[in-house]
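Numbering (full-length UniProt numbering), first residue to last: 1 to 642. Read through the structure below, which is laid out as structure tokens, and then see the notes.
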Ligand SMILES: *Cc1c(COP(=O)(O)O)cnc(C)c1O
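Here it is in structure tokens:
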């Protein structure tokens with residue numbers, strides 16, 4: 001890539017180059033592109049017509065509504081498209097082989113619990129009887145209040161106390177298909193006791209602990225070492241308990257969840273095969289069964305490589321559905337078992353595409369600009385003279401040698417400084433000269449037939465730091481926690497040459513608050529080419545595919561709170577509406593999360609100010625201004641405001 005990029009400049013850069021560099025056609029699943037004006041766009045289908053909307057147009061709309069950066073932009077159409085896609089893909093796969101069961105999707109609420117996400121999934125999903133998966137009491141309350149189609153499923157996973165079970169049984173009494181997926185045979189005892197008490201028969205599923213393990217980050221969710229699921233012996237114990245209570249007819253679902261972001265389709269096939277054998281085994285034990293729940297795990301191709309590496313997937317949705325259906329048929333048909341209804345709990349794949357994080361760049365610390373002295377000064381220490389000469393003599397033929405010299409003499413000047421034998425100015429000159437040498441080596445690197453290992457880090461060393469108006473910990477927690485890679489691209493100026501190699505830092509005072517891994521031209525890189533900032537003009541970056549898991553895993557590091565969120569629905573060409581806007585946390589909000597009471601804080605400050613007035617340090621008028629500023633700050637956004 002360095003070769004290709006090094007031949008690019010302001011004159012020969014085109015939009016096509018940006019497409020190749022930032023890769024929206026690789027990771028965007030067709031939803032993202034760049035238009036001729038160099039703006040990033042969202043592509044959706046409205047009334048069967050393809051529609052393209054520039055993200056910059058939506059940002060203009062946000063500005064005129066007073067919604068500041070950073071902001072999560074959610075596109076409702078993309079939620080709808082994903083729900084349609086999984087339902088249609090399963091329907092197609094079933095139709096092709098005359099499958100005799102149906103498909104019911106459920107959205108796992110934990111993946112994005114935001115009200116308007118769930119509301120949209122429930123309302124658009126209704127036509128497909130798309131249901132919800134709840135892993136806690138709170139999530140069950142969400143499911144009960146949002147789903148209004150009794151044919152949709154509610155799947156309850158996780159540990160359940162009496163109250164949880166009582167709620168689920170009431171749901172069944174009302175007519176919901178609400179399944180308790182049990183994690184242990186003890187849980188079953190509680191369910192049976194509550195069911196007796198309320199006189200409502202439960203719908204029961206069992207989560208099996210498979211021996212199959214999967215590739216990728218979440219391999220620990222399955223296999224013998226998994227903390228989830230019931231062992232084979234445990235399943236038989238559950239069957240005995242149900243038989244003894246004369247409730248075996250309630251056991252109608254088998255559940256497996258192999259882990260999230262399964263990169264390899266082979267894992268899916270093998271896992272489903274094993275699950276089907278359990279399914280057959282339970283039928284042999286006399287359970288009626290009927291539903292096979294294959295859990296989540298359908299991956300997102302974050303890096304666009306279509307490979308079986310952890311940020312990618314070596315299959316598409318349609319292939320996933322076909323593989324599931326084929327495996328079920330291959331395993332159960334020979335046993336003469338009726339086709340089960342297939343349930344899947346895809347979270348990541350359903351919501352990842354619909355949200356992007358947008359933020360502006362506040363400033364840039366350049367390591368590509370430096371000041372050099374015109375000539376050697378007699379007073380200089382020898383190391384500095386040597387450094388000056390090394391810089392002058394740098395050529396394609398002595399790159400490695402000059403690099404070694406530069407580091408050696410720079411360190412020598414630093415040591416002299418340490419001992420008081422070099423001045424502040426001399427140290428500064430040594431560092432600037434070294435920077436000049438590194439920058440010039442960087443330009444020569446593409447011309448080298450082989451890049452010596454010592455030079456490999458130079459691009460990162462001299463990368464500019466772009467300070468973004470966001471908190472990694474609040475908005476992209478997985479980048480910090482599990483080295484997740486999300487595609488990043490400027491949302492405008494994509495017809496211009498991005499001349500600056502950069503890394504991105506956030507607003508927190510934490511060295512982990514940085515992004516230094518990027519997908520560019522289908523490869524991983526430690527720096528990203530970005531555009532130089534312009535005077536009086538904002539520069540916006542988008543982090544894409546952030547709809548899954550990021551919003552609630554985020555935390556309040558440095559007390560940066562929730563960002564603004566806007567939900568946009570695209571209605572047609574150049575036509576979109578702001579369906580919902582949520583103002584992010586104010587400073588008063590985040591302070592109250594950590595138990596401060598803004599009114600008391602104000603009162604305390606009032607006393608301090610009054611004291612200062614009494615001591616003659618400030619005038620009553622200044623006191624008024626101080627309290628006014630404090631009050632106003634409490635109501636303000638936690639991020640940088642222009
Ligand atoms: C988290 C989870 C899911 C969602 O998995 P994705 O990989 O996001 O689709 C589904 N089912 C269960 C039981 C889960 O814990």
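Beta carbons: idealized from backbone N, C-alpha and C, even for Gly.
Who pairs with residue i in a beta bridge, going by DSSP?
| i | result |
| --- | --- |
| residue 524 | 519 |
| residue 50 | 45 |
| residue 97 | Answer is none; residue 97 lacks a bridge partner. |
| residue 501 | 529 |
| residue 178 | 154 |
| residue 255 | 207 and 293 |
| residue 491 | DSSP lists no partner for residue 491. |
| residue 466 | 364 and 504 |
| residue 298 | 262 |
| residue 514 | 505 |
| residue 40 | 34 |
| residue 228 | According to DSSP, residue 228 bridges with nothing at all. |
| residue 633 | Looking at the DSSP assignment, residue 633 forms no beta bridge with any residue, so it has no partner. |
Which first and last residues belong to the beta strand (DSSP E) in which residue i is found?
| i | result |
| --- | --- |
| residue 341 | 341 to 344 |
| residue 569 | 564 to 572 |
| residue 32 | 32 to 34 |
Within the same chain, show all residues whose beta-carbon is closer than 6 angstroms to that of residue i, passing over the 5 residues directly before and after it, in chain order.
| i | result |
| --- | --- |
| residue 655 | A question about residue 655 goes unanswered here, because the residues of the chain that appear run from 1 up to 642. |
| residue 128 | 87 |
| residue 204 | 180, 250 and 251 |
| residue 560 | 471, 474 and 638 |
| residue 89 | 317, 318 and 321 |
| residue 200 | 169, 172 and 173 |
Can you name the start and end residues of the alpha helix (DSSP H) that residue i belongs to?
| i | result |
| --- | --- |
| residue 584 | No alpha helix (DSSP H) contains residue 584, which DSSP labels as neither H nor E. |
| residue 351 | 348 to 351 |
| residue 600 | 598 to 614 |
| residue 541 | No alpha helix (DSSP H) holds residue 541; the beta strand (DSSP E) holding it covers 540 to 543. |
| residue 281 | 265 to 284 |
| residue 234 | 232 to 244 |
| residue 408 | 399 to 418 |
| residue 186 | 185 to 198 |
| residue 554 | Per DSSP, residue 554 belongs to no alpha helix (DSSP H) and is neither H nor E. |
Report yes if the C-beta distance between residue i and residue j is below 8 angstroms; otherwise report no.
| i | j | result |
| --- | --- | --- |
| residue 289 | residue 261 | no |
| residue 702 | residue 133 | Shown here, the chain extends from 1 to 642; a query on residue 702 therefore has no answer. |
| residue 263 | residue 211 | no |
| residue 486 | residue 545 | yes |
| residue 357 | residue 566 | no |
| residue 147 | residue 122 | yes |
| residue 424 | residue 370 | no |
| residue 505 | residue 468 | yes |
| residue 655 | residue 97 | With the chain covering only 1 through 642, there is no way to say anything about residue 655. |
| residue 235 | residue 292 | no |
| residue 248 | residue 275 | no |
| residue 18 | residue 42 | no |
| residue 165 | residue 191 | yes |
| residue 217 | residue 345 | no |
| residue 636 | residue 600 | no |
| residue 433 | residue 387 | yes |
| residue 68 | residue 610 | no |
| residue 53 | residue 355 | no |
| residue 55 | residue 573 | no |
| residue 582 | residue 568 | no |
| residue 79 | residue 120 | yes |
| residue 77 | residue 44 | yes |
| residue 462 | residue 502 | no |
| residue 39 | residue 492 | yes |
| residue 390 | residue 406 | yes |
Take residue i and list the residues in its own chain whose beta-carbon comes closer than 8 angstroms to its own, dropping the five residues that flank it on each side.
| i | result |
| --- | --- |
| residue 348 | 111, 260, 261, 296, 298, 299, 300, 548 and 549 |
| residue 522 | 23, 26, 303, 304 and 305 |
| residue 188 | 182, 204, 238, 241 and 242 |
| residue 441 | 394, 399, 402, 403, 455 and 458 |
| residue 323 | 265, 268, 269, 272 and 315 |
| residue 36 | 15 and 495 |
| residue 319 | 265 |
| residue 482 | 217 |
| residue 337 | 279, 280 and 283 |
Short of 7 angstroms in beta carbon distance, which residues of its chain neighbour residue i, apart from the five on each side in sequence? Order them along the chain.
| i | result |
| --- | --- |
| residue 593 | 556 |
| residue 532 | 499 and 500 |
| residue 8 | 17 and 497 |
Inset, instruction - Go through the stretch 306 to 391 residue by residue and report every complete run of the beta strand (DSSP E) that reaches 3 residues or more, in order. - result: Within the stretch 306 to 391, the complete beta strand (DSSP E) runs of at least 3 residues fall at 341 to 344 and 355 to 365.
Inset, instruction - Entirely within the stretch 69 to 139 and at least 3 residues each: give me those beta strand (DSSP E) ranges in chain order. - result: The qualifying runs are 71 to 75, 103 to 108 and 131 to 134.
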